[in-house]
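Take 1 as the starting number for the sequence shown in full-length UniProt numbering and just add one per residue.
The beta carbon of each residue, even a glycine, is placed where N, CA and C say it ideally should be.
Worksheet: the structure to be examined is printed underneath.
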Amino acid sequence: MTQTPARLLIIGPQGSGKGTQGARIADLLGIPTISTGDVFRANVKDGTELGLKVKALIDAGDLVPDDLTSEIVRDRLAQEDAAEGFLLDGYPRNLGQVGDLDVFLDGRGEPLTAVIELSVPRDESIARLSRRAAEQGRADDNEESIAKRLSIYESETAPILDVYRERGIVDEIDGVGSLDEITERITVALAARGITA
Ligand code: AMP
Numbered sequence: 001m002t003q004t005p006a007r008l009l010i011i012g013p014q015g016s017g018k019g020t021q022g023a024r025i026a027d028l029l030g031i032p033t034i035s036t037g038d039v040f041r042a043n044v045k046d047g048t049e050l051g052l053k054v055k056a057l058i059d060a061g062d063l064v065p066d067d068l069t070s071e072i073v074r075d076r077l078a079q080e081d082a083a084e085g086f087l088l089d090g091y092p093r094n095l096g097q098v099g100d101l102d103v104f105l106d107g108r109g110e111p112l113t114a115v116i117e118l119s120v121p122r123d124e125s126i127a128r129l130s131r132r133a134a135e136q137g138r139a140d141d142n143e144e145s146i147a148k149r150l151s152i153y154e155s156e157t158a159p160i161l162d163v164y165r166e167r168g169i170v171d172e173i174d175g176v177g178s179l180d181e182i183t184e185r186i187t188v189a190l191a192a193r194g195i196t197a
């Protein structure tokens with residue numbers, strides 16, 4: 001099979017392990033990970049203008065406005081290291097952002113080639129998030145914010161999968177298992193699309 005460019009999105013509820021698996025897959029394929037959550041957290045930590053703007057929203061578990069988020073992703077995708085492929089983690093997160101990304105990628109003639117959907121039951125996500133709260137002390141890993149983020153995932157983010165499913169690019173991956181098992185499931189699914197290292 002001819003090689004397919006790796007223009008990927010990983011999507012899953014908070015606590016699904018998408019950050020960890022996304023980083024592993026990007027590493028294996030030699031492409032950069034673009035995580036909007038990481039970009040925002042770094043800006044909050046450094047006290048930048050953007051960080052000051054978004055801190056309260058993030059701590060409360062609310063979404064940052066689409067315009068601002070999409071602009072950050074466009075700037076990042078325009079950098080040279082993303083020319084051969086990339087893995088998006090945490091963006092797009094609602095239908096408005098799907099539209100923004102489509103405009104940008106279609107303009108380059110380079111649409112997404114696969115969407116990895118990591119599925120984990122709600123109870124398992126919550127258990128993992130509580131563990132992460134204890135380990136990492138993320139300000140948005142408190143009970144109220146977790147509940148809000150999971151409900152935004154269900155109402156706003158899950159519907160974008162239907163759009164990508166219609167395009168035939170979604171691979172649903174069982175996100176319960178060891179880290180290595182899950183990485184293996186993802187690499188097998190991507191290989192079936194001709195996406196390999
Ligand atoms: P994450 O690390 O992906 O769970 O993102 C942490 C927080 O960053 C989210 O709860 C939002 O407040 C914000 N955020 C990350 N990605 C997006 C996005 N695509 N659109 C809006 N807000 C986002």
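Inset, instruction - In angstroms with no decimal places, state the Cα-to-Cα distance between A83 and G107. - result: Here residue 83 is taken as the residue at index 83 of the sequence shown, counted from 1. Here residue 107 is taken as the residue at index 107 of the sequence shown, counted from 1. Whole-angstrom Cα-Cα distance: 14 angstroms.
Inset, instruction - Indicate whether L87 and I10 have their beta-carbon atoms separated by less than 8 angstroms. - result: As a first step, residue 87 is located in the sequence shown; it is residue number 87 there, counting from the start. As a first step, residue 10 is located in the sequence shown; it is residue number 10 there, counting from the start. Their beta carbons are under 8 angstroms apart, which means L87 touches I10 by this criterion.
Legend entry - Limits of the alpha helix (DSSP H) - the one that D180 falls within: Taking the sequence shown and counting its residues from 1, one reaches residue 180 at position 180. Start and end: 179 to 191.
Inset, instruction - With a 10 Å radius around its C-beta and 16 neighbouring C-beta atoms as the bar for buried, classify K45 as buried or exposed. - result: Along the sequence shown, one-based indexing puts residue 45 at 45. Burial call: exposed.
Inset, instruction - For the alpha helix (DSSP H) holding V44, just list the boundary residues, first then last. - result: As a first step, residue 44 is located in the sequence shown; it is residue number 44 there, counting from the start. Where V44 is concerned, the enclosing alpha helix (DSSP H) stretches over 36 to 46.
Inset, instruction - Measure the Cβ-Cβ separation of F104 and R149 and say whether it is below 8 angstroms. - result: Along the sequence shown, one-based indexing puts residue 104 at 104. Along the sequence shown, one-based indexing puts residue 149 at 149. Against a cut-off of 8 angstroms, the Cβ pair of R149 and F104 comes out as no contact.
Inset, instruction - Could you tell me whether the region 13 to 33 touches the region 118 to 126, using the rule of 3 or more Cβ pairs below 8 angstroms? - result: yes
Inset, instruction - Measure the C-alpha to C-alpha separation of I31 and R24 and round it to an integer number of angstroms. - result: Sequence index remark: in the sequence shown, residue 31 carries index 31 (1-based). Sequence index remark: in the sequence shown, residue 24 carries index 24 (1-based). Between I31 and R24, the C-alpha separation is close to 10 angstroms.
Legend entry - Exposed unless 16 or more other CB atoms sit within 10 angstroms - verdict on D140: Reading the sequence shown from its first residue, position 140 is the one you call residue 140. The residue in question, D140, is buried, as its Cβ has 16 or more Cβ neighbours within 10 Å.
Legend entry - C-beta atoms of A189 and D174 nearer than 8 angstroms: As a position in the sequence shown, residue 189 is number 189, starting the count at 1. As a position in the sequence shown, residue 174 is number 174, starting the count at 1. The answer is no: Cβ separation not under 8 angstroms.
Inset, instruction - Please report how far the alpha carbon of T157 lies from the alpha carbon of N94, in whole angstroms. - result: Residue 157 sits at position 157 when you count from the first residue of the sequence shown. Residue 94 sits at position 94 when you count from the first residue of the sequence shown. Going by the C-alpha atoms only, they are around 5 angstroms apart.
Legend entry - Where R7 sits in the DSSP three-state scheme: Counting from 1 along the sequence shown, the entry for residue 7 is found at position 7. Residue state, collapsed to three classes: strand.
Legend entry - Beta-ladder partner(s) of F104, from DSSP: What you label residue 104 is simply residue 104 of the sequence shown in a count that begins at 1. Paired residue(s): none; F104 is not in a bridge.
Inset, instruction - For L50, verify whether its CB is less than 7 angstroms away from any heavy atom of the ligand HEM. - result: As presented, the structure is devoid of the ligand HEM, carrying the ligand AMP as its sole ligands.
Legend entry - Inter-residue spacing [alpha-carbon to alpha-carbon] between L8 and E135: Within the sequence shown, the letter at position 8 stands for residue 8. Within the sequence shown, the letter at position 135 stands for residue 135. So the alpha carbons of these two residues sit roughly 29 angstroms apart.
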